[in-house]
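Student:
Okay, structure coming up:
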């Protein structure tokens, strides 16, 4: 999850003139992350914050606000003053997926937040134990057809990304598999590599060591983009199973934030993501370095993504426990 051209021509490291932004920022800016410290989202947020601090001459301070499937952190920005001093750095699993599952959640993603910049596009691997007889998606589906209700798969919980994608895939084929809910991708990978479960959805980053060690085998990636470290793993679309769901990171602002501030942050994020260092970081996370988007293009992308996820949730009657 190389990016668009910067909206100004200042050399790298130069500060955006505060006068052009109405004096913003005149004090530290909060970059709120709706998950705990130390995770993939948090670490990349701190990388972004470091660059923005240098670019704008004021500290961009990461503020972790985990809980309620990302709603606590998102609401802190959605309900903030629209002055550019509260920004959200979030993964799609904390924005699009909850909005798709709960249209009545306590904030409106499309009305109360402004998409600023997209960062990378990725997904999850559908993987199997290396000794499992079905070593392709086609073979897995054929086995599920031959043994109705006998196979199971693991994901990170009811309503999780893996659960939603698998429900869509199985319904496309008129098949059923039992769903085993875990608390984390690491737990799914542990039991998958140990043979406790034979099929599961795992994170493309944390599972790399197990894949390289032959402990688990990825069959496909649940994204429209391939994982850069595993280019041999096909997308579901490439295999002939229509899938238009993605995972990604993004920066959001409070609705009503002045357009010049949104444009300036977008330009600086895109400038950073065009660097070799950013490419290396995304590769290490096994996330595709997708084309850069303007804030307006990112907003359209978010609307489309939400529509796609909601369609799958409704068609498959997926609900959160």
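In my numbering, the protein residues as written are -13 to 307.
Every residue gets a Cβ at the ideal spot worked out from N, C-alpha and C, and that includes glycine.
Model, not experiment: these values are computed from the prediction.
Output yes or no for whether 8 Å exceeds the beta carbon distance between residue 114 and residue 205.
Tutor: Residue 114 sits at position 128 when you count from the first residue of the chain shown. Residue 205 sits at position 219 when you count from the first residue of the chain shown. Residue 114 is a Cβ neighbour of residue 205, given a cutoff of 8 Å.
Student: Measure the alpha-carbon distance for residue 147 versus residue 170 and round it to whole angstroms.
Tutor: Translated into the one-based positions of the chain shown, residue 147 becomes position 161. Translated into the one-based positions of the chain shown, residue 170 becomes position 184. So the alpha carbons of these two residues sit roughly 12 Å apart.
Student: Pick out whichever of 36, 44, 166, 145 has its Cα sitting closest to the Cα of residue 14.
Tutor: The count along the chain shown starts at 1 and reaches residue 14 at position 28. Nearest option by C-alpha distance: 44.
Student: Taking all protein chains shown into account, decide if residue 233 is buried (16 or more other Cβ within 10 angstroms of its Cβ) or exposed.
Tutor: The count along the chain shown starts at 1 and reaches residue 233 at position 247. Of the residues assessed, residue 233 falls on the buried side of the cut-off, its CB having 16 or more other CB atoms within 10 angstroms.
Student: What did DSSP end up calling residue 240 once you bin it into helix, strand or coil?
Tutor: Within the chain shown, residue 240 is the residue found at index 254, counting from 1. Strand.
Student: Along the chain, where does the alpha helix (DSSP H) containing residue 323 start, and where does it finish?
Tutor: One cannot answer for residue 323 here, as it falls past the ends of the chain, which runs -13 to 307.
Student: Could you check the C-alpha separation between residue 293 and residue 50 for me, to the nearest Å?
Tutor: By 1-based counting over the chain shown, the position of residue 293 is 307. By 1-based counting over the chain shown, the position of residue 50 is 64. About 28 Å.
Student: Within 10 angstroms of the Cβ of residue 290, are there 16 or more other Cβ atoms? Answer buried if so, exposed if not.
Tutor: Position 304 of the chain shown, counting from 1, holds the residue named residue 290. It counts as exposed.
Student: What residues in its chain sit with their C-beta under 8 Å from that of residue -1, if we drop five residues either side in the sequence?
Tutor: Mapped onto the chain shown, residue -1 falls at position 13. Confidence at residue -1 is low in this model, with a pLDDT of 37, below 50, so its placement is unreliable and the value that follows should be read with caution. Around residue -1: 40, 41.
Student: Exposed or buried, residue 185, counting other C-beta atoms within 10 Å across all chains shown (16 or more means buried)?
Tutor: On the chain shown, position 199 is the one that residue 185 refers to. By the neighbour-count rule (16 or more Cβ atoms within 10 Å), residue 185 is buried.
Student: Which class does residue 292 belong to by DSSP, given the choice of helix, strand or coil?
Tutor: Residue 292 sits at position 306 when you count from the first residue of the chain shown. It is helical.
Student: Can you tell me whether DSSP reads residue 305 as helix, strand or coil?
Tutor: Walking along the chain shown from the start, residue 305 turns up at place 319. Coil at residue 305, not helix or strand.
Student: Please report how far the alpha carbon of residue 259 lies from the alpha carbon of residue 37, in whole angstroms.
Tutor: Residue numbering aside, residue 259 sits at position 273 when the chain shown is read from its first letter. Residue numbering aside, residue 37 sits at position 51 when the chain shown is read from its first letter. Approximately 10 Å between the Cα atoms of the pair.
Student: Helix, strand or coil, according to DSSP, for residue 124 in the structure here?
Tutor: Indexing the chain shown from 1 puts residue 124 at position 138. DSSP, reduced to helix, strand and coil, places residue 124 within a helical segment of the structure shown.
Student: Using a Cβ-Cβ cut-off of 6 Å (strictly less than) and excluding sequence neighbours within five positions of residue 265, which residues of its own chain qualify?
Tutor: Here the question's residue 265 lines up with position 279 in the chain shown. Correct list, in chain order: 275.
Student: I need the straight-line Cα distance from residue 214 to residue 272, nearest angstrom please.
Tutor: As a working mapping, residue 214 is identified with position 228 in the chain shown. As a working mapping, residue 272 is identified with position 286 in the chain shown. Computed Cα separation, rounded: 6 Å.
Student: If we ignore side chains and look at the alpha-carbon of each, how far apart do residue 253 and residue 179 end up?
Tutor: One-based indexing of the chain shown puts residue 253 at position 267. One-based indexing of the chain shown puts residue 179 at position 193. Cα-Cα distance, rounded: 42 Å.
Student: Nearest to residue 245 by CA position, among 124, 144, 303, 102, is which residue?
Tutor: Locating residue 245 in the chain shown gives position 259, where the first residue counts as 1. Closest in C-alpha terms to residue 245, from the list 124, 144, 303, 102, comes 102.
Student: Alpha carbons only, please: which of 75, 6, 194, 66 is nearest the one belonging to residue 22?
Tutor: As a working note, residue 22 is residue 36 in the chain shown. If we check each option's Cα against that of residue 22, 75 comes out closest.
Student: Give every residue of the same chain whose Cβ lies closer than 8 Å to the Cβ of residue 117, excluding the five residues on either side of it in the sequence, and list them in chain order.
Tutor: By one-based count along the chain shown, residue 117 stands at place 131. Taken in chain order, the residues that qualify are 181.
Student: Do residue 165 and residue 141 count as a contact pair if the criterion is CB distance below 8 Å?
Tutor: Numbered from 1 along the chain shown, position 155 holds the residue referred to as residue 141. Numbered from 1 along the chain shown, position 179 holds the residue referred to as residue 165. In contact: residue 141 and residue 165 (Cβ atoms closer than 8 Å).
Student: Report the rounded CA-to-CA distance for residue -10 versus residue 262, giving the unit in angstroms.
Tutor: Translated into positions along the chain shown, residue -10 becomes position 4. Translated into positions along the chain shown, residue 262 becomes position 276. Caution is warranted here: a pLDDT of 29 is assigned to residue -10, below 50, making its placement in the model unreliable, and the coordinate value is therefore given only provisionally. Near 15 Å, if we compare the C-alpha coordinates of residue 262 and residue -10.
Student: Between which residues of its own chain and residue 174 is the CB-CB distance below 6 Å, once the five residues before and five after are set aside?
Tutor: Stepping through the chain shown from its first residue, residue 174 is reached at position 188. Excluding sequence neighbours, residue 174 sits near 140, 168, 186, 188.
Student: Go through its chain and collect everything with a Cβ distance to residue -3's Cβ below 7 Å, but skip five positions before and after it.
Tutor: Position 11 of the chain shown, counting from 1, holds the residue named residue -3. A caution first: residue -3 carries a pLDDT of 36, below 50, which makes its placement in the model too unreliable to give a value.
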